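Enquirer: First the structure, then my questions, so here it is.
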Amino acid sequence: MKQVITMISVLLVSAAGYAQELYPYTEPASNMPSKSISAKWATKLLKSEHNDRVEQRQTPEVMFGLNKNWMVHVAGTFSDMYSSNLRWESVRLYAKYRFLSIDDVHKHFRLAAFGEVTHSVNDAYYEEVALDGDQSGVMGGIVATQLWQKLAVSGSLSYAQVTTKKPKYIEDSYPWQALNYTLSAGYLVLPREYTSYRQTNLNLYVELLGQRTLDRKQYYIDLAPAVQLIFNSNAKLNIGHRFQLNSDMHRMAEKSWLISFEYVFLNALKKRGF
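Residues -19 to -1, 1 to 255 (mature numbering (1 follows the signal peptide of the UniProt record, and there is no 0)) are what the sequence shown spells out, left to right.
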């Protein structure tokens, strides 16, 4: 009985305090519940600029909340963006360490550092640095998140380095280093007041996603509005549309859709003795 009450309390606190920080396109400085495991499947759809074909990328991902400060992601991607048929293309490892937490009534501030390593079978083809399946590389950065009542605002800055082998004939044709920056806002629309962890949450998001390559001095700026539904405080559905505001890059596409579903298994690691 005590365990049931504890789990319900965790669900209510998570729902009331963090729902609007679960950005569809970026990671906040806050972490998932400690000792929990999350399973996620994301689908990215776009119409390619170079062949006018609708292409897809499927991303299964597993996330581990090791403790209140550390979380780790393991993901793979399958797509037909660089081939005629759907095939495996990449695997990546992501880790985040939250090193600062300032809590107050109905508000808090979080600061975290993160890193990512990606291996991809794809060759360089476009002028943007993208480690979500397109290229092999490493990335590191910092993210800050501020919550006020029902509004959560987050910003990040990161450095990405492509590690894909550079053939001499294309070495100067594509960027290999980039600075990424994001600014995200999430607002809790429903429920107006929490009475049960079973209440469905409705969150609205808008995210600004930008990149500046350091070697070729090119850039892009995208905007990504999204809607999110959270069921029983542990199941999450995202639908988002990302589109280009401005750019001087040759990119795979200027617009894309994102559909993802995630389910959190609370205390899953604790039950296994981790």
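Beta carbons are placed, not taken as given, at the ideal position from N, Cα and C, and that holds for glycine.
Small disclaimer: the values here were computed from a predicted structure and weren't measured.
What do you get for residue 14, buried or exposed, if any count of 16 or more other CB atoms within 10 angstroms of its CB means buried?
Expert: Position 33 of the sequence shown, counted from the start, is the residue given in the question as residue 14. Its Cβ being crowded by 16 or more others within 10 Å, residue 14 is buried.
Enquirer: Hey, could you find the ends of the beta strand (DSSP E) residue 56 is sitting in?
Expert: Mapped onto the sequence shown, residue 56 falls at position 75. Run containing residue 56: 51 to 60, per the beta strand (DSSP E) assignment.
Enquirer: Sort out for me which residues DSSP pairs residue 89 with in a bridge.
Expert: Taking the sequence shown and counting its residues from 1, one reaches residue 89 at position 108. DSSP, once it has assigned bridges, lists 84, 128 as partnering residue 89.
Enquirer: For residue 216, which residues in the same chain have their Cβ closer than 6 Å to its Cβ, ignoring the five residues on either side in sequence?
Expert: What you label residue 216 is simply residue 235 of the sequence shown in a count that begins at 1. Closer than 6 Å at the Cβ level, and outside the excluded window around residue 216, lie 244.
Enquirer: Around the C-beta of residue 182, are 16 or more other C-beta atoms found within 10 angstroms, so that it is buried, or is it exposed?
Expert: Taking the first residue of the sequence shown as position 1, residue 182 is located at position 201. Answer is buried; the Cβ neighbour count reaches 16.
Enquirer: Going by C-alpha distance, which of 166, 196, 43, 170 is nearest residue 17?
Expert: Translated into the one-based positions of the sequence shown, residue 17 becomes position 36. Among 166, 196, 43, 170, the Cα nearest to that of residue 17 belongs to 43.
Enquirer: Would you check if the stretch 30 to 38 and the stretch 157 to 171 touch, i.e. whether three or more CB-CB distances between them fall below 8 Å?
Expert: Contact fails: fewer than three Cβ-Cβ distances are below 8 Å.
Enquirer: To the nearest angstrom, how far is it from the Cα of residue 171 to the Cα of residue 155?
Expert: The residue you call residue 171 lines up with position 190 of the sequence shown. The residue you call residue 155 lines up with position 174 of the sequence shown. Distance between the alpha carbons of residue 171 and residue 155 is about 45 Å.
Enquirer: Reducing DSSP to helix, strand and coil, say where residue 160 ends up.
Expert: Translated into the one-based positions of the sequence shown, residue 160 becomes position 179. Residue 160 falls in the strand class under three-state DSSP.
Enquirer: Count the other C-beta atoms from every protein chain shown that fall within 10 angstroms of the C-beta of residue 260, then say buried if there are 16 or more, exposed otherwise.
Expert: Shown here, the chain extends from -19 to 255; a query on residue 260 therefore has no answer.
Enquirer: On the DSSP letters alone, give me the boundaries of the beta strand (DSSP E) that residue 38 sits inside.
Expert: In the sequence shown, the residue the question calls residue 38 occupies position 57. Its beta strand (DSSP E) spans residues 35 to 46.
Enquirer: Give the C-beta separation of residue 93 and residue 124 to the nearest angstrom, bearing in mind that I take them to be a contact with Cβ-Cβ under 8 Å.
Expert: Translated into the one-based positions of the sequence shown, residue 93 becomes position 112. Translated into the one-based positions of the sequence shown, residue 124 becomes position 143. Their Cβ separation, rounded to whole angstroms, is 5 Å, which keeps residue 93 and residue 124 in contact under 8 Å.
Enquirer: If you count every other CB in all the chains shown that lies within 10 Å of the CB of residue 174, and 16 or more means buried, which is it?
Expert: By one-based count along the sequence shown, residue 174 stands at place 193. Result: exposed.
Enquirer: With DSSP as the reference, label residue 251 as helix, strand or coil.
Expert: Here residue 251 refers to the residue found at position 270 of the sequence shown. Note: residue 251 maps to helix in three-state DSSP.
Enquirer: Between the alpha carbons of residue 81 and residue 177, how many angstroms are there, rounded?
Expert: Here residue 81 corresponds to residue number 100 of the sequence shown, with the count starting at 1. Here residue 177 corresponds to residue number 196 of the sequence shown, with the count starting at 1. Cα to Cα, the separation comes out at about 30 Å.
Enquirer: Using the Cα positions of residue 227 and residue 246, report the straight-line distance between them to the nearest angstrom.
Expert: Walking along the sequence shown from the start, residue 227 turns up at place 246. Walking along the sequence shown from the start, residue 246 turns up at place 265. So the two alpha carbons sit approximately 40 Å from each other.
Enquirer: Going straight from the alpha carbon of residue 106 to that of residue 27, what length do you get?
Expert: As a first step, residue 106 is located in the sequence shown; it is residue number 125 there, counting from the start. As a first step, residue 27 is located in the sequence shown; it is residue number 46 there, counting from the start. Cα-Cα distance, rounded: 16 Å.
Enquirer: Does DSSP classify residue -9 as helix, strand or coil?
Expert: By 1-based counting over the sequence shown, the position of residue -9 is 11. Legend: pLDDT at residue -9 = 45, less than 50; position of this residue unreliable, no value from coordinates given.
Enquirer: Go ahead and pull the three-state DSSP assignment for residue -1.
Expert: Taking the sequence shown and counting its residues from 1, one reaches residue -1 at position 19. Residue state, collapsed to three classes: helix.
Enquirer: Residue 95: buried (16+ other C-beta within 10 angstroms of its C-beta) or exposed?
Expert: Working through the sequence shown from its first residue, we reach residue 95 at position 114. So residue 95 ends up on the buried side.
Enquirer: In the DSSP assignment, the beta strand (DSSP E) including residue 221 goes from what residue to what residue?
Expert: One-based indexing of the sequence shown puts residue 221 at position 240. It spans 216 to 228 - the beta strand (DSSP E) in which residue 221 sits, taken as one unbroken run.
Enquirer: If residue 29 and residue 233 are in contact, beta carbons under 8 Å, what's the gap, nearest whole angstrom?
Expert: Residue numbering aside, residue 29 sits at position 48 when the sequence shown is read from its first letter. Residue numbering aside, residue 233 sits at position 252 when the sequence shown is read from its first letter. That pair is a contact at about 6 Å.
Enquirer: With respect to the beta strand (DSSP E) encompassing residue 243, which residues constitute its N-terminal and C-terminal limits?
Expert: Reading the sequence shown from its first residue, position 262 is the one you call residue 243. Here the beta strand (DSSP E) through residue 243 covers 236 to 246.
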